[in-house]
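Using our numbering, read the sequence shown as starting at 100 and increasing by one per residue. From the three backbone atoms N, C-alpha and C, an ideal C-beta is built for every residue, glycine too. Let me begin by presenting the structure, written as structure tokens, before commenting on it.
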Amino acid sequence: MNWKSKKLSRLWVVAAAGLGALAAAPARANPMLPPTADYIADVEITRDSDHAVRTPARYVVVGRKLSVAYNSLVTLVDLDRKQFEIMIPRVKVYAKAQAIKGAADDSRRWTGVQAEKADYLATEQMLGRDVRRYRVAGKVFDTDSPFEGDVWTTAENIVVKIDGTSKVGNVATPLQVTTLQLVVGSIDPALVNVPPDFRHAAAKEVYSDDDR
């Protein structure tokens, strides 16, 4: 092999290595899109309306179904049927399914921020993962409250941290959501369905208007 052939060979090796590195690079998280994987996230929520800091919650997302465990209630959401059910696991009861009001396109309405715009800020490490931090404006929680602030998102578009302000009426109040533990993939579908041993109960036995 002459020197020209050797030089071309080295160039091909370098190019192949570069392409391999690009293929191995994690996908860029996009908070404008819904999560691409099933997951369980144990989080802490801090907002003025809770009259408490670091309130625990658990989000479970399996396909087009999800579960939100908050305080003593668990809300099960079926996006395809556009309905939700509320359970009290402590006494094993659940209420009749009700229609979801407003848009129900994906799980972000309950577990993240429905971003209307997002500007990339930085890539950081969180929970042992590379996450991308964005400055976001949009809606947060099932109440569709206006939100502005920073959102940290995994390569699967799972929101692992929120830090900003949400509006209650015309008043902007601080809001933080921090994920303490995240499990991605191979989630038991039973976690987003009413257990077979739960009793159906009237809505007034399960929650009040303040719980909705």
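Between the options, which has its C-alpha nearest residue i's C-alpha?
i      : options                        : result
Ala217 : Asp249, Asp137, Thr277, Ser265 : Asp249
Arg320 : Ala302, Asn292, Pro130, Val282 : Lying before the first or after the last residue shown, residue 320 is absent from the chain, which here runs from 100 to 311.
Pro155 : Arg163, Gln275, Ile144         : Ile144
Ala221 : Trp251, Ala289, Leu132         : Trp251
Gln275 : Lys164, Val173, Ala302, Phe240 : Phe240
Tyr233 : Leu226, Thr242, Gln213, Asp243 : Gln213
Thr242 : Glu223, Gly268, Leu279, Leu226 : Gly268
Ile286 : Thr277, Arg153, Leu279, Leu165 : Leu165
Val160 : Glu247, Pro294, Pro288         : Pro288
Arg208 : Arg146, Pro245, Pro294, Asp262 : Pro245
Val192 : Leu172, Leu279, Val176         : Leu172
Gln225 : Phe183, Gln197, Thr278         : Note that residue 225 is Met in the sequence shown here, rather than Gln. Met225 has its Cα closest to that of Thr278, out of Phe183, Gln197, Thr278.
Please report the straight-line C-alpha distance between residue i and residue j, rounded to a whole angstrom.
i      : j      : result
Ile187 : Asp296 : 12 Å
Val291 : Ala271 : 33 Å
Tyr138 : Leu132 : 16 Å
Ala202 : Lys181 : 9 Å
Val235 : Pro273 : 15 Å
Val258 : Lys266 : 20 Å
Ala136 : Gly162 : 8 Å
His299 : Thr174 : 14 Å
Pro134 : Ala128 : 9 Å
Gly284 : Asn256 : 13 Å
Asp205 : Leu178 : 7 Å
Ala124 : Ala301 : In this prediction, Ala124 scores a pLDDT of 37, lower than 50, which makes its location untrustworthy; the coordinate-derived value is nonetheless stated afterwards. Straight-line Cα distance between these residues: approximately 51 Å.
Asn170 : Val142 : 12 Å
Pro294 : Ile261 : 31 Å
Glu215 : Arg189 : 38 Å
Gln197 : Ala168 : 17 Å
Note the first and the last residue of the continuous alpha helix (DSSP H) segment covering residue i.
i      : result
Val190 : That residue, Val190, is in no alpha helix (DSSP H); it is neither H nor E in DSSP.
Glu304 : 302-305
Arg208 : 207-210
Please list the terminal residues of the continuous beta strand (DSSP E) segment that includes residue i.
i      : result
Thr242 : First-last for Thr242: undefined, no H or E at that position.
Gly263 : 258-267
Ile144 : 138-146
Pro273 : 270-283
Leu172 : 172-177
Val167 : 164-169
How would you call residue i, buried or exposed, if buried means at least 16 neighbouring beta carbons within 10 angstroms?
i      : result
Gly211 : buried
Ala194 : buried
Tyr158 : buried
Gly84  : With the chain covering only 100 through 311, there is no way to say anything about residue 84.
Tyr219 : exposed
Lys313 : No answer is possible for residue 313: the residues shown for the chain start at 100 and end at 311.
Ala140 : buried
Arg60  : Residue 60 is absent from the structure shown; the chain starts at 100 and stops at 311.
Arg146 : buried
Between residue i and residue j, how many whole angstroms is the CB-CB distance? I'm expecting something under 8 Å.
i      : j      : result
Val230 : Thr253 : 5 Å
Ile199 : Val305 : Ile199 to Val305, Cβ: 17 Å. No contact.
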